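**Q** Numbered according to the working numbering, the sequence shown spans residues -19 to 366. Just dropping this structure here.
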Amino acid sequence: MATLTKPLPKAAMQVPLLDLKPQYQPLAGEIQEAIGKVCASQHFILGPAVKELEASVAAYSQCRFGIGVSSGTDALLLALMALEIGAGDEVITSPFTFFATAGTIARSGARPLFCDIDPATFNLSPAAVEAFINAQCVERGGQLRHQRTGGRVRALMPVHLYGQVADMAPFTRLAQRYGLRIIEDAAQAIGSADAEQRRACSFGDVGCLSFFPTKNLGAFGDAGMCVTNDAALAERMQILRVHGGKPKYYHPFIGGNFRIDELQAAVLNVKLRHLDDWSAARQRNAAFYDAALRGARDRVSGGARANQVAHLPGCLENLEDPGASAISRSAAAIASVGLGDPFPALQAKQTIARISRDIGGTQLPFDLAAIAKDADEALSNEGAQG
Ligand SMILES: Cc1ncc(COP(=O)(O)O)c(C=O)c1O
């Protein structure tokens, strides 16, 4: 099986993953004017730009409410807190994602349960989740319990990886059947839709977006948003975003400082108007890679599908060891076009190794020892090169 530590062949041409300057240059005047307005008003916290952004991003995501927050990570944490997920609870998620997905579940006090991914899309596999529930969970007093740990299985957290909406219909059915909440990690998927034109964030209880600068809609620093159709949940998130205080200085809950900056909102309001065009350009690039790499790889996935916003065109190579689980194969062999290094694979391995070591009882669709060894090797290799 290909491993992460295999040196990549020297590229004939270095293609940068993303150069944000050409995106900024034509909008420089407009963005500087928007920033200038905030400076003139000196209204830096939860001002009119935040309100405008919350309304437009919620509508763009087919949701009623938007709660602007400090990052995609904080969006996930806030959603978990608002749904009162914590100690003794467990959340089913994908191991093939950025660290923040499982990291925030662990930070909330809950335990992440990793199920396998779909090798065609790299997204959490509904079949694997159902098999896990059938084999390892029981319903007791209307509550799904993980038999091995006794933990309450409270939620599903699918990730719309690389801008591709996860297969949400079966997740929704499972959630209804077992009383689970759904938090969508849509950090990479703003505007992405399924075949019925339903957009990322509109399926579950809360959708979580990241506006990290390299995302399809990127701020000038860290920012994110929770979107929802549930008015009560929206209000709870608004309160938790300001240390659980409502009215000001009265704290019925313990929250955090999860606010988005007014300056970031002002920038994002300008950029949002161009998002459709940028996502279409990403789709064209992904289609180009798909076609160009068709003969060279066993498969290219994660981009160029109708309605998907092609955040990154991931490509899967050397599909050896077909008996291994999809996550083992993908984590071993995936590389992102243009990135030139196996960042997503390394992320998946670290997530798995770190979370599983620190929190006993996680559910693993693979051999942890092999994954952890590979992650360690990759890390020490990185150190040696750096
Ligand atoms: C899948 C996924 N989840 C969560 C996050 C966290 O977002 P942020 O970097 O804005 O905290 C990211 C961003 O890198 C991501 O790609």
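Cβ atoms here follow ideal geometry from the backbone N, Cα and C, with glycine treated the same way. Given the structure is predicted, the values throughout are model-derived calculations rather than measurements.
Determine, using beta carbons only, whether ILE113 and TYR158 come nearer to each other than 8 Å.
**A** Position 133 of the sequence shown, counted from the first residue, corresponds to residue 113. Position 178 of the sequence shown, counted from the first residue, corresponds to residue 158. Against a cut-off of 8 Å, the Cβ pair of TYR158 and ILE113 comes out as a contact.
**Q** Ordered along the chain, which non-local residues of its own chain (more than five positions away) have a Cβ less than 7 Å from that of ALA80?
**A** The count along the sequence shown starts at 1 and reaches residue 80 at position 100. Excluding positions up to five away in sequence, the list reads GLY52, THR53, LEU56.
**Q** DSSP has PRO92 in a bridge; who is on the other side?
**A** Locating residue 92 in the sequence shown gives position 112, where the first residue counts as 1. Paired residues: VAL71.
**Q** Hey, could you find the ends of the alpha helix (DSSP H) THR53 is sitting in?
**A** Translated into the one-based positions of the sequence shown, residue 53 becomes position 73. It spans 52 to 62 - the alpha helix (DSSP H) in which THR53 sits, taken as one unbroken run.
**Q** So, helix, strand or coil for THR208, using DSSP?
**A** Start at 1 with the first residue of the sequence shown, and residue 208 comes out as number 228. In the three-state DSSP reduction, THR208 falls in the strand class (E or B).
**Q** Taking 8 Å as the cut-off, decide whether the C-beta atoms of SER259 and VAL222 are in contact.
**A** On the sequence shown, residue 259 is found 279 positions in, with the first residue counted as 1. On the sequence shown, residue 222 is found 242 positions in, with the first residue counted as 1. Using a Cβ distance threshold of 8 Å, SER259 and VAL222 do not count as a contacting pair.
**Q** Based on DSSP bridge pairs, tell me the residues matched to PHE45.
**A** Here the question's residue 45 lines up with position 65 in the sequence shown. In DSSP, PHE45 forms a bridge with THR208.
**Q** Below 8 Å, can you find three or more Cβ-Cβ pairs linking the region 207 to 224 to the region 83 to 99?
**A** no
**Q** On the three-state DSSP scale, how would you describe CYS19?
**A** Looking up residue 19 in the sequence shown gives position 39. Three-state DSSP puts CYS19 in a helix.
**Q** Might you give, ordered along the chain, the residues of its own chain that have their beta carbon closer than 7 Å to the beta carbon of GLY122, omitting 5 neighbours on each side?
**A** Counted from its first residue, the sequence shown places residue 122 at position 142. The residues are GLY159.
**Q** Taking 7 Å as the cut-off, is the C-beta of ASP174 nearer than that to any heavy atom in ligand 2?
**A** In terms of ligand content, the structure shown lacks ligand 2 and carries ligand 1 instead.
**Q** Output the distance between the C-alpha atoms of CYS19 and GLN42, rounded to the nearest integer angstrom.
**A** Residue 19 sits at position 39 when you count from the first residue of the sequence shown. Residue 42 sits at position 62 when you count from the first residue of the sequence shown. Whole-angstrom Cα-Cα distance: 31 Å.
**Q** Compute the minimum distance between the beta carbon of ASP165 and the heavy atoms of ligand 1, and state whether it is under 7 Å.
**A** Against the sequence shown, residue 165 aligns to sequence position 185. Checking the Cβ of ASP165 against ligand 1 gives yes.
**Q** Can you confirm whether the region 208 to 219 touches the region 245 to 262 when touching is taken to mean that 3 or more C-beta pairs between the two stretches lie within less than 8 Å?
**A** no
**Q** Any heavy atom of ligand 1 closer than 7 Å to the beta-carbon of ASP202?
**A** Taking the first residue of the sequence shown as 1, we reach residue 202 at position 222. The answer is yes for ASP202.
**Q** On a CA-only basis, which of VAL37, GLU64, PHE24 is nearest MET217? Give me that one, please.
**A** Along the sequence shown, read from residue 1 onward, the residue named residue 217 stands at position 237. Checking every option, the nearest Cα to that of MET217 belongs to GLU64.
**Q** To the nearest angstrom, how far is it from the Cα of LEU299 to the Cα of ALA62?
**A** Counting from one through the sequence shown, the residue named residue 299 turns up at place 319. Counting from one through the sequence shown, the residue named residue 62 turns up at place 82. Here LEU299 scores only 42 on pLDDT, less than 50, and its place in the model should not be relied on; the value that follows carries that caveat. Approximately 41 Å, taken between the alpha carbons.
**Q** My guess is that LEU243 and ILE15 are in contact by the Cβ rule of under 8 Å, so how many angstroms apart are they, rounded?
**A** The residue given as residue 243 occupies position 263 in the sequence shown. The residue given as residue 15 occupies position 35 in the sequence shown. Yes, LEU243 and ILE15 are in contact; Cβ-Cβ is about 6 Å, under 8 Å.
**Q** I'd like to confirm the pairing. Which residues does DSSP put opposite ASP165 in its beta bridges?
**A** Translated into positions along the sequence shown, residue 165 becomes position 185. Answer by DSSP bridge pairing, in chain order: VAL139, CYS188.
**Q** Looking only at its own chain, which residues have a Cβ that is under 6 Å from the Cβ of MET148, when we skip the five neighbours before and after it?
**A** Taking the sequence shown and counting its residues from 1, one reaches residue 148 at position 168. Closer than 6 Å at the Cβ level, and outside the excluded window around MET148, lie PHE183.
**Q** Taking one C-beta from the region 97 to 107 and one from the region 166 to 175 each time, how about it: are there three or more such pairs within less than 8 Å?
**A** no
**Q** Could you check which residue in ALA180, ILE162, GLY143 has the C-alpha nearest to that of PHE151?
**A** As a working note, residue 151 is residue 171 in the sequence shown. Checking every option, the nearest Cα to that of PHE151 belongs to ILE162.
**Q** Enumerate, from N- to C-terminal direction, the unbroken beta strand (DSSP E) stretches of 3 or more residues contained entirely within the region 200 to 246.
**A** 204 to 208
**Q** Taking just the CA atoms, how far does GLY198 sit from ALA67?
**A** For this step, residue 67 is matched to residue 87 along the sequence shown. For this step, residue 198 is matched to residue 218 along the sequence shown. Near 33 Å, if we compare the C-alpha coordinates of GLY198 and ALA67.
**Q** For GLN123, does the three-state DSSP call read helix, strand or coil?
**A** In the sequence shown, the residue the question calls residue 123 occupies position 143. In the structure shown, GLN123 falls within a strand segment according to DSSP collapsed to helix, strand and coil.
**Q** Closer than 7 Å by C-beta to ASP(-1): which residues in its own chain qualify, once you throw out the five before and the five after it? Chain order, please.
**A** The residue you call residue -1 lines up with position 19 of the sequence shown. Result list for ASP(-1): empty, nothing under 7 Å.
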